[in-house]
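Protein chains in written order, with this note's numbering: chain H, 1 to 210; chain G, 1001 to 1474.
A short write-up of the structure that comes next.
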Amino acid sequence: MSYFTADNLEIAHETISRYPRKKSALIALLHLAQEQDGWVTDDAMRQIAELTETTPAEVKGTGSFYEMFKFHPVGSYMINVCTNLSCQLLGGEELLAHAEESLGIKAGGTTADGMFTIEDVECIAACTEAPCLQVNYRYKLRVTTDDLDQLIDDIRNGRATDIPEHGTLGLVRQHIPAGAGAGIVAPEDATERPVWLARNDVATADGGEA
Amino acid sequence: MPTHDYVAHAPGYVDNDGPKIVTSRLVHEDSHTLERYEATNGYDGLRRALDRTPADVHEEVRNAVVLGRGGAGFPAGVKWGFMPPGKFPYYLVVNGDESEPGTYKDRLLMERDPHQLIEGCLITCYALGLSQCFLYVRGEMPAAQENIAQALNDAYAKGYVGKNIMGTEFSVDITLTWGAGAYIVGEETALIESLEGNRGMPRLKPPFFPAAIGLYGQPTIVNNVETLSNLPWLMLNGSEQYKAYGSEASPGSRMVAVSGHVNRPGVYEIEQGVTTFRDLFYGDNFCRGIRDGHELKMFVPGGGSAPWFFPEQLDLQLEGRAVGAEGSMLGSGAIMVMDETTDSVKAALRLVRFYARESCGKCTPCREGTTWEERILQRIVDGEGRPSDIDKLLDIADNISPGPYPVAADPAQGLEAVPFPPKQTTICPLGPSSVAPITSTIRRFRHEYEAKITKRDSIPVMSAPMASDPVEVS
């Protein structure tokens, strides 16, 4: 029984094919699992281990290092409020406190209906637009407490259609058409120099730069 | 009131009359598309490069002195020269894991001009004979992931990437890969670990830097997004034109993000080594002063890891060596400005908490030390500090970074600057970075710490009056 859906399994194989070592696709596949279920299940980790020729323990060992991977169910909408210095200076902590009060949960917690999780996060690279937050990693900039209440209301009432549910990151995937790629290069595959470096020899022979 | 007169589709970017080496297209709403890119000299830099020998292209980059824009400021052309000859294959890893506190520039370049970055990667691969490129984008940036993926798909379709690029024998694949939320992965050896499917823990170096032993044990060049984004312009205009901008030691431009208590926070492309912090904070072309009615108290000149500066350092130019001699660094071009309303202990605590959370746990002084620093600062902020806490903080800091820690001069106290960089008892600079906010604030605002500790508002001195005391009835 495959954990991944047929479509996702195809994406998984294509992803693995872009790395010289299967294990390099581990993080990408954890993202894919999280996209499928909103969090990373044990079944997902077992199949990722098979696909990458590692063990489930290695998959969890790597995955648990990275904050974005959740090994328990979280809300469909994860609100990540930045409280790092640039945001703190302009009200990030107050914004987080307001989110906690509005939703009745503390940072790290999930609402009983499984709709929202709040996190107190580190710098998300929108420092000139402080205070800022992300909902499922989609930016909201210069957020006031009123904006935040509106956002929560919009999500509750199905009006935040531009934000996919938790787990989905970039909606466009890389796809290399057959025959267009140069091909992956593993350490054991290419012990000779790449062909275009031969151009340096010609220059040397002509008395140019080596 | 702070203003935000930005280019709507590139929030934060301020289009002023500064240099436009990497930001030339950001004014266009469709700057991320191949159509716009081709209409604005797109891939012409690569075309020029392909007309020259790889060695010649490397030489051009070396001549231009393209300083790394990720933090360390090491010249890319020199770094490129460290690969051992003949140990093929070589790899390129692009560091798009921007997460240094206060840093906001690589995300703009990845989201708004992905083809420029891709072209920069290709020029690098051509010059050095790199066999495959891995473009690592921070996990929390889906818009950057989407725009780069689309750009790559379009570039493959047009023959700019992949097999026989532009009809030549030059062939290379670019693999887009996502991070998953770990600041430390911005450190180049941790990034390589992450790319190999492991926990993002830095490798011990020296002796072997990635240029010698990197991804899959092969020679690997790791460059920052902004660094590589400079290359298309450089190939098109040449190193002499490039050096017409900036100072001799730091040619070209660089992107800086100014955030915090200024009237017009924003991302600006400035000339390196020319613009001063005063120009940047008060200039009409830039931030237009500290927010209304307030005064500058302190600022972080180069990301959360940089020791802090104060009004005395305002006239320094944004030039790596000059800033280093004065006790800090330009780092990732992240400048955070704080006015007199800022509680320096609280601000220091917030940055220290960041390092405590993000420590990968490999080295004991960092794993334990950053946590202790955070707890002690937290209790001081909570009004539960002990008189010995200030010295204890400095002692823990000294275990992570021994010796005098880099710090700015303080003429009022007769103290001189300690130049950058700090020493470290750890593998990577994360632990020592946690010391920057502590030493910067204790040296300058020790009285703020002492006031918090001696007040002890929340701790009752006696739980009940003693029997012999007169009892006042109110």
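Quick reminder that beta carbons are idealized off the backbone N, C-alpha and C, glycines included.
Interface partners of residue i on chain H, CB under 9 Å
i, result
"Val1258 of chain G", "Cys127, Thr128"
"Thr1454 of chain G", "Chain H residues near Thr1454 of chain G: none, gap ~25 Å exceeds 9 Å."
"Gly1012 of chain G", "Ala126, Cys127, Thr128, Glu129, Leu141"
"Glu1295 of chain G", "Within chain H, no residue comes near Glu1295 of chain G; the closest Cβ sits about 15 Å away, beyond 9 Å."
"Met1338 of chain G", "Leu85, Leu89"
Per DSSP, the bridge partner or partners of residue i
i, result
"Ile1174 of chain G", "G:Cys1133"
"Thr1220 of chain G", "G:Tyr1091"
"Met115 of chain H", "Paired residues: none, contrary to the question."
"Phe1309 of chain G", "G:Phe1299"
"Met1336 of chain G", "G:Ser1259, G:Val1300"
"Gln1413 of chain G", "According to DSSP, which records beta bridges pairwise, Gln1413 of chain G is partnered with nothing at all."
Neighbour list for residue i in chain H, Cβ cutoff strictly below 7 Å
i, result
"Arg1199 of chain G", "Gly61, Thr62, Phe65"
"Asn1153 of chain G", "Gln174, His175"
Which of helix, strand or coil DSSP assigns to residue i
i, result
"Lys1346 of chain G", "helix"
"Cys127 of chain H", "helix"
"Cys1125 of chain G", "helix"
"Lys1452 of chain G", "helix"
"Ala57 of chain H", "helix"
"Glu1368 of chain G", "helix"
"Arg1112 of chain G", "helix"
"Arg1199 of chain G", "coil"
"Cys87 of chain H", "helix"
"Thr145 of chain H", "helix"
"Glu192 of chain H", "coil"
"Arg18 of chain H", "coil"
"Ser1463 of chain G", "Reliability of the predicted coordinates at Ser1463 of chain G is poor, the pLDDT of 49 falling under 50, and the value obtained from them is presented with this limitation in mind. Residue state, collapsed to three classes: coil."
Rounded C-alpha distance that separates residue i from residue j
i, j, result
"Arg1278 of chain G", "Tyr1136 of chain G", "35 Å"
"Ser86 of chain H", "Thr128 of chain H", "8 Å"
"Ala6 of chain H", "Glu1340 of chain G", "59 Å"
"Tyr1268 of chain G", "Leu1109 of chain G", "12 Å"
"Gly1181 of chain G", "Trp1080 of chain G", "28 Å"
"Ile176 of chain H", "Asp1154 of chain G", "10 Å"
"Ile1453 of chain G", "Val1345 of chain G", "11 Å"
"Gln1145 of chain G", "His1115 of chain G", "13 Å"
"Leu1236 of chain G", "Ser1401 of chain G", "44 Å"
"Glu1450 of chain G", "Cys82 of chain H", "29 Å"
"Ile118 of chain H", "Val1022 of chain G", "36 Å"
"Pro56 of chain H", "Arg46 of chain H", "5 Å"
"Asp1410 of chain G", "Pro1142 of chain G", "44 Å"
"His130 of chain H", "Glu122 of chain H", "Per the sequence shown, the amino acid found at residue 130 of chain H is Ala instead of His. Spanning the two alpha carbons is a distance of roughly 13 Å."
"Asn157 of chain H", "Ile124 of chain H", "27 Å"
"Gly1086 of chain G", "Arg193 of chain H", "7 Å"
"Thr41 of chain H", "Asp1056 of chain G", "52 Å"
"Ala1417 of chain G", "Val1407 of chain G", "6 Å"
"Ala1157 of chain G", "Val185 of chain H", "21 Å"
"Thr1040 of chain G", "Ser1031 of chain G", "9 Å"
"Glu1035 of chain G", "Asp1382 of chain G", "56 Å"
"Arg1446 of chain G", "Tyr1355 of chain G", "22 Å"
"Phe1306 of chain G", "Asp154 of chain H", "Per the sequence shown, residue 1306 of chain G should be read as Ala rather than Phe. Whole-angstrom Cα-Cα distance: 40 Å."
"Thr1275 of chain G", "Gln1317 of chain G", "6 Å"
"Gly1283 of chain G", "Pro1265 of chain G", "12 Å"
Partners in chain G for residue i, counting only beta-carbon separations shorter than 7 Å
i, result
"Pro194 of chain H", "Gly1129, Ser1131"
"Tyr137 of chain H", "Glu1140, Pro1142"
"Arg18 of chain H", "Thr1175"
C-beta atoms of residue i and residue j nearer than 8 Å
i, j, result
"Ile1376 of chain G", "Lys1392 of chain G", "yes"
"Arg1357 of chain G", "Thr62 of chain H", "no"
"Tyr19 of chain H", "Ala12 of chain H", "no"
"Pro1210 of chain G", "Glu1196 of chain G", "no"
"Lys1297 of chain G", "Met1336 of chain G", "no"
"Gly181 of chain H", "Gly1162 of chain G", "yes"
"His166 of chain H", "Gly109 of chain H", "no"
"Ala1107 of chain G", "Gln88 of chain H", "One point to set straight first is that residue 1107 of chain G is Arg, not Ala, in the sequence displayed. No, they are not a contact pair."
"Ile79 of chain H", "Leu133 of chain H", "yes"
"Ala1334 of chain G", "Glu1100 of chain G", "yes"
"Ser1440 of chain G", "Thr1370 of chain G", "no"
"Asp1315 of chain G", "Gly183 of chain H", "no"
"Asp1017 of chain G", "Asn1399 of chain G", "no"
"Val1561 of chain G", "Cys1125 of chain G", "The question about residue 1561 of chain G has no answer here: the residues shown for chain G are numbered 1001 through 1474."
"Ile1118 of chain G", "Leu1152 of chain G", "yes"
"Leu95 of chain H", "Phe116 of chain H", "no"
Beta-carbon neighbours of residue i, restricted to chain H and to distances below 8 Å
i, result
"Glu1196 of chain G", "Arg21, Lys23, Ser24"
"Leu1176 of chain G", "Gln174"
8 Å Cβ cutoff, residue i in contact with chain C
i, result
"Met1 of chain H", "Among the protein chains in the structure shown, which are H and G, there is no chain C."
Closer than 8 Å at the beta carbon, the chain G residues around residue i
i, result
"Leu197 of chain H", "Pro1054, Gly1129"
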